[in-house]
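Protein chains in written order, with this note's numbering: chain A, 1 to 96; chain B, 1 to 485.
Don't be surprised by glycine CBs; every beta carbon is placed ideally from N, CA and C.
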Amino acid sequence: MAEGFDIDHLAKLARLSLTAEEKALYASQLGQILGHFQTLAQADLPATADGARVVDESVLRSDEPGPILGAEVVTRIAPASRDGQIAVPRVVDDES
Amino acid sequence: MADALHELSAAELGRRLASGALASRALCEALIARHQAINDKFGAFTHLDEADVLAQADASDARRKAGQGRGPLEGIPVGIKDNVAVKGQPLTCSSKMLAPLVSPYDSHVAERLRAAGAILFGRLNMDEFAMGSSTENSAFRKAFNPWDLERIPGGSSGGSAAALAAGLVPLALGSDTGGSIRQPASHCGVVGLKPTYGLISRFGLVAFASSLDQIGPMARSVEDCALLLDALASADARDMTCFGPSDRALTPAGDARKLRIGVPKGFLGKGVAPEVATAVNAAVEFYRSQGCAVSEVELPSADLAVPTYYVVATAEASSNLGRYDGVRYGHRSAVSGTPVEMMTASRSEGFGPEVKRRILLGTFVLSAGYADAYYVRALRARAKIRAEYLAALAGVDVLLTPTVPTPAFKVGEKAADPLQLYLEDVFTIPANLAGLPAISVPCGKSGRLPVGFHLVGAPLSESKLLAAGRLFEDAHGYAHQQAPL
């Protein structure tokens, strides 16, 4: 089942930057773990996942405004803020 | 006070506080002094705001003096696992990713504890983001088992279990995604209960795997565990899956001697240490001697539980932990560049090895071309496991197994082999997959290391689990035990 396992692609999808040593270690360990998962591939399973959900009833609540933290609190816990807003690296180039 | 306060149960402390024989301040000062003296030996707590604790204690004493005591937990300290939000206190999940964060709000359970008059006491060590079974994955420091400081206390609620075993607090909160309350409870000789999925609100619990996560009580006795459970459970619209306990008190109920006990076939065989099997078999025989009907039950898909869990849990974790991007809170890398480069650097610097491993695994099982083979099949396996457990529990009241196959292992012994560590959870995982309540109760020792047994019941059968645990506890000497330190 684990054919095509590509640690570089996974790291990119997961937004993780890995060293060469980390890539080798995780590729080896994930291969071993996925090998253990072969029992799932070979198991006789129901045709659907009906019944996998523990809470069956609809759990959507009404869409009503509730309390919020407020800008002062949100910017206080943010890593960087400026003028009452969260600061991030430039997203759009001036030229574009 | 002639007695050592750290040796007393929460129930006894409650009686003394109610009678005026004890003040919460005196109790908290004694526990703070004990923390100062011994916590460094085993690292149960990663943070304790002594001034805040004493201020809470003074407020509690003032309420009681004014005749405005709030209930059975008034003035009693409760240790808080560091993935449960308490306003004004660090909320780190034992991760460098969240090390700078001070929670701006209270979790639902923190609100419940304050409403019950409890003292919210410190931040308890854990495996980073609750991923682990040994508390070796804490980014700040490893925790050790107070019964043997060369061994792990279990995890991920290892700090909670160690704090109880060492008498640092009478009560503690844990969280349980695949056994993280029950496994450390077993290794440290205390009681831990994972409630029915939906009984306790997760509002303010840092999410790991949302279809499995539950908050639950830990204590040195079943009675104390029930006391804390009753205070925590209530419906909360802020957790869409939380329906609460309706109007039932969550205390031991019914005649435990009439319970029908199922022992799953083969669960005491392969992989279970002989001393664990002996202690758990003795528990089975105890219940039989009390009049319980004991029978063998079949759970044919039990072997699927561990792979099913690790597909579902890592898939959900890879999604839940996508929120840590260095933008709104937590660690942001000093690496400059594009937003994506900043996010990638922040995540790579902030997450530890086990968290990265699980994010990568979860990303893989959800990725295009593989999701059907892994994630969708795991959901189908989960449905099958759940159906088998519910069918078994239609014929018996509780299922009895060991909590963990072996006693606590040595620190570092399984660090290089994550798969071996994942197999620690083989007996506890099914209750999470099926959303069932389960409890670990101490039942013996292997040398000086505690051993626990595990009871699983039908949804909302907490009262039966507590009654069964209480029956065993009353006839044996394991309640209120503390490690000699």
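Can you grab the Cα-Cα spacing for the pair residue 471/B / residue 447/B, in whole Å? Going from the Cα of residue 471/B to the Cα of residue 447/B covers about 24 Å.
Nearest neighbour of residue 328/B, chosen from 84/A, 30/A, 93/A [CA to CA]: Checking every option, the nearest Cα to that of residue 328/B belongs to 84/A.
Is there a Cβ from chain B that is less than 7 Å from the Cβ of residue 1/A? Residue confidence is low: residue 1/A scores 43 on pLDDT, short of 50, so the model does not pin down where it sits. Its coordinate-derived value is still stated next. Cβ-Cβ to chain B under 7 Å: yes for residue 1/A.
Alpha helix (DSSP H) segment containing residue 7/A, residue limits: That run of the alpha helix (DSSP H) goes 7-13.
Counting only Cβ pairs nearer than 8 Å, list the residues of chain D close to residue 88/A. The structure shown contains no chain D; the protein chains it does contain are A and B.
Residue 134/A, buried or exposed, once every other Cβ within 10 Å from all chains shown has been counted against 16: The structure shown has nothing for residue 134/A, since chain A only spans 1 to 96.
Give me the Cα-Cα distance between residue 177/B and residue 8/B, rounded to the nearest whole angstrom. Their backbone Cα atoms lie some 30 Å apart in a straight line.
Using a Cβ cut-off of 8 Å, pull out every chain B residue sitting near residue 55/A, in sequence order please. In chain order: 197, 198, 241, 243, 435.
Counting only the same chain and skipping the five closest in sequence on each side, list residues whose C-beta sits under 7 Å from that of residue 213/B. The residues are 175, 177, 202, 205, 207.
Neighbourhood of residue 17/B by C-beta, 6 Å cutoff - its chain only, sequence neighbours within 5 removed: The answer, listed in chain order, is 75.
Do the region 153-163 of chain B and the region 47-63 of chain B make contact, defined as three or more Cβ pairs closer than 8 Å? When Cβ pairs closer than 8 Å are counted between the two stretches, the region 153-163 of chain B is seen not to touch the region 47-63 of chain B, the count staying below three.
Ends of the alpha helix (DSSP H) at residue 188/B? Run containing residue 188/B: 182-188, per the alpha helix (DSSP H) assignment.
Given that residue 357/B touches chain A, what residues does it touch there, using C-beta distances under 8 Å? Simply 26, 29, 30.
What number of angstroms, rounded off, separates the C-alpha of residue 310/B from the C-alpha of residue 27/B? Residue 310/B and residue 27/B: Cα-Cα distance of roughly 42 Å.
Using DSSP's beta-bridge definition, name the partner residues of residue 260/B. DSSP, once it has assigned bridges, lists 293/B as partnering residue 260/B.
Quick check for students: name the residue ranges of the alpha helix (DSSP H) that lie wholly in the region 397-431 of chain B, counting only runs of 4 or more. If we require 4 residues or more, the alpha helix (DSSP H) runs fully inside the region 397-431 of chain B come out as 418-422.
Whole angstroms are fine: how far does the CA of residue 183/B sit from the CA of residue 425/B? Their backbone Cα atoms lie some 7 Å apart in a straight line.
Distance, residue 463/B Cα to residue 487/B Cα: Here chain B has residues from 1 to 485 only, and residue 487/B is not among them.
Within 10 angstroms of its Cβ, does residue 13/B collect 16 or more other Cβ (buried), or is it exposed? Residue 13/B comes out buried.
Residue from 287/B, 481/B, 131/B whose Cα sits closest to the Cα of residue 397/B: Nearest of 287/B, 481/B, 131/B to residue 397/B, Cα basis: 287/B.
For residue 367/B, does the three-state DSSP call read helix, strand or coil? Look at residue 367/B here: in three-state DSSP terms it is coil, with no helix or strand label.
How far does the alpha helix (DSSP H) with residue 344/B in it extend, from its first residue to its last? Segment 339-350, the alpha helix (DSSP H) holding residue 344/B.
Within 10 angstroms of the Cβ of residue 388/B, are there 16 or more other Cβ atoms? Answer buried if so, exposed if not. It counts as buried.
If residue 351/B sits next to residue 97/B, beta carbons under 8 Å apart, how far is it from one beta carbon to the other, in whole angstroms? About 6 Å separates the Cβ atoms of residue 351/B and residue 97/B, confirming a contact at the 8 Å cut-off.
State the DSSP-derived secondary structure class of residue 80/B, mapped to helix, strand or coil. The answer is strand: DSSP assigns residue 80/B an E or B state.
Is residue 438/B close to chain A, meaning its C-beta is less than 7 Å from at least one C-beta of that chain? For residue 438/B, the answer is no, since every Cβ of chain A falls outside 7 Å of its Cβ.
Taking the alpha carbon of residue 299/B as the reference point, which residue from 231/B, 364/B, 227/B, 385/B has its own alpha carbon closest? Minimum Cα distance to residue 299/B is reached at 385/B.
To the nearest angstrom, report how far apart residue 100/B and residue 86/B are at their CA atoms. Each residue's Cα considered, the two are about 15 Å apart.
Just to make sure I have the definition right: I need the residues of chain B whose C-beta is within less than 7 Å of the C-beta of residue 82/A. Which are they? In chain order: nothing, as chain B lies at least about 13 Å away.
Give the straight-line distance between the Cα atoms of residue 222/B and residue 29/A, rounded to the nearest whole angstrom. Near 39 Å, if we compare the C-alpha coordinates of residue 29/A and residue 222/B.
Can the beta-carbon of residue 74/A be found closer than 7 Å to that of residue 339/B? The beta carbons of residue 74/A and residue 339/B sit no closer together than 7 Å.
Once you ignore the five residues that flank residue 71/A on each side, which residues in its own chain have a CB closer than 6 Å to its CB? Contacts found: 84.
Is the separation between the beta-carbon of residue 43/B and that of residue 141/B shorter than 7 Å? Yes, Cβ-Cβ distance for residue 43/B and residue 141/B is below 7 Å.
In the DSSP assignment, what residue or residues form a beta bridge with residue 440/B? Answer is 192/B, 454/B, bridged to residue 440/B.
Inside the region 27-54 of chain A only - alpha helix (DSSP H) runs reaching at least 4 residues: Entirely contained in the region 27-54 of chain A, the alpha helix (DSSP H) runs reaching 4 residues are, in chain order, 38-42.
Distance between residue 199/B and residue 118/B (C-alpha atoms, nearest Å): One C-alpha to the other measures close to 20 Å.
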